[in-house]
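Participant: This note's numbering puts the first residue of the sequence shown at 1, with every later residue one more than the last. Glycine residues also receive a C-beta, built at the ideal position from the N, C-alpha and C atoms.
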Amino acid sequence: MINRLKRAAALGAATVALATGTVVGMVGTASAAPQNHRPPVASHHCQEERGHWARHWQPAFRDRHHRWHPGQWARVWRPVHRDCHR
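What follows is the structure, encoded as structure tokens:
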């Protein structure tokens, strides 16, 4: 009975140590991973584009009732965004 308790305690301690090592290893790996955040570089030539309405072509299609709808131009809102060119 006492040997079983000792064995269970040793197994529990080994499991906790292994799990702790795994967590610490993952944290170290995550902090050492390369970041995709590039600082703005003068060679990228970024411009702030204002929001504006743009014309967008919607092609012709047949709906689920088999009615034909011809293509048409629609106005869509393009929100504020950054345009970067090298």
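1. Arg-64 by DSSP, collapsed to three states: which one?
2. How big is the Cα-Cα spacing for Leu-72 and Phe-61?
3. Let me check understanding here. Comparing Cα to Cα, which of Trp-53, Gly-51 and Trp-68 lies closest to Pro-59?
4. Can you name, in chain order, every residue of its own chain whose Cβ lies under 6 Å from the Cβ of Thr-20, other than the five neighbours on each side?
5. Between Gly-75 and Gly-51, how many whole angstroms is the CB-CB distance? I'm expecting something under 8 Å.
6. Along the chain, where does the beta strand (DSSP E) containing Arg-78 start, and where does it finish?
Facilitator: Looking at the coordinates:
1. Mapped onto the sequence shown, residue 64 falls at position 64. Three-state result, Arg-64: coil.
2. Here residue 72 is taken as the residue at index 72 of the sequence shown, counted from 1. Here residue 61 is taken as the residue at index 61 of the sequence shown, counted from 1. The sequence given here has Gln at residue 72, not Leu. C-alpha separation (whole angstroms): 11 Å.
3. The residue given as residue 59 occupies position 59 in the sequence shown. The residue with the shortest Cα to Cα distance from Pro-59 is Trp-68.
4. As a working note, residue 20 is residue 20 in the sequence shown. Closer than 6 Å at the Cβ level, and outside the excluded window around Thr-20, lies no residue.
5. As a first step, residue 75 is located in the sequence shown; it is residue number 75 there, counting from the start. As a first step, residue 51 is located in the sequence shown; it is residue number 51 there, counting from the start. For the sequence presented, residue 75 should be read as Arg rather than Gly. The Cβ separation is near 13 Å, so there is no contact.
6. Within the sequence shown, the letter at position 78 stands for residue 78. First-last of the beta strand (DSSP E) with Arg-78: 72-78.
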